[in-house]
Amino acid sequence: MVPAALFPAIALIAGAAGGIAFHIPWRALLWLLPGLTLAASLAWRLRYPRATVSILLVAFGCCWFILGSHAGEAAVDTPVRLALDRELGGFRVDAAELPGTHGPIATRLLLTEDASSGEDFTTLRARVLSIRLHDAWTDSDGGVTLSVGGIASAARIAEW
């Protein structure tokens with residue numbers, strides 16, 4: 000006997016994996032969901048159980064496709080990356096050009112891990128809270144890795 004959750008689980012995995020792997024505009028798929036819901040309701044009302052289950056599985060997979068696609072998009076296009084790309088260009092993952100030469104950008108960070116010391120550099124992981132563009136602080140979000148060149152003392156690294 001097949002477990003009742005097997006087919007929804009397959010639809011979940013396939014939908015989420017497809018949403019992450021294929022770059023299809025997920026907002027267009029939102030309009031498909033009401034139609035699938037209506038079709039499943041109609042199939043249920045007309046007593047077509049296999050059609051009802053099939054349509055519900057497609058709808059379930061479509062929902063997870065949308066969620067996977069949105070999550071993948073949000074992970075790649077973080078707010079800090081989008082803000083820097085808007086101001087300076089070249090910061091998006093799929094950008095053809097590299098960022099141009101620019102001065103330092105003041106940034107407010109929250110350290111998320113202890114510093115890691117290498118031979119001639121120290122690495123810090125942080126979450127961006129805000130960036131200063133055009134003399135105004137702009138709330139932003141995104142993870143960054145910073146490398147501080149030079150040899151730091153153990154006491155200094157412990158502070159980080």
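Residue 82 in numbering that gives the first Met the number 0 sits at position 83 of the sequence shown, and the numbers go up by one each step.
Just so it is clear, CB atoms sit at the ideal spot from N, CA and C, and this is done for glycine as well.
Computed from a prediction, not measured in an experiment: that's the story for all the values here.
Would you give the residue range spanned by the alpha helix (DSSP H) that residue i belongs to?
i: R26; result: W25 to L28
i: T36; result: L31 to R44
i: R91; result: R91 -> no alpha helix (DSSP H), and no H or E assigned at all.
Taking the alpha carbon of residue i as the reference point, which residue from the options has its own alpha carbon closest?
i: L56; options: L128, A73, I9 and H69; result: I9
i: E112; options: C61, T121 and A105; result: T121
i: V127; options: A15, S53, D140 and D119; result: D140
i: A82; options: I54, G71 and L132; result: L132
i: L108; options: T36, D138, F6 and G18; result: D138
i: E72; options: A114, A58, G18 and I54; result: G18
i: S116; options: A74, A154 and R80; result: A154
I need the boundaries of the beta strand (DSSP E) containing residue i, first residue and last residue.
i: S152; result: No beta strand (DSSP E) contains S152, which DSSP labels as neither H nor E.
i: T111; result: Note, T111: premise wrong, no beta strand (DSSP E); not H, not E.
i: F21; result: No beta strand (DSSP E) holds F21; DSSP gives it neither H nor E.
How big is the Cα-Cα spacing for residue i and residue j?
i: S40; j: A27; result: 22 Å
Checklist entry - Mind pulling the alpha helix (DSSP H) runs of 4 or more residues that sit fully within the stretch 55-89? => result Segments of the alpha helix (DSSP H) lying fully in the stretch 55-89: 78-87.
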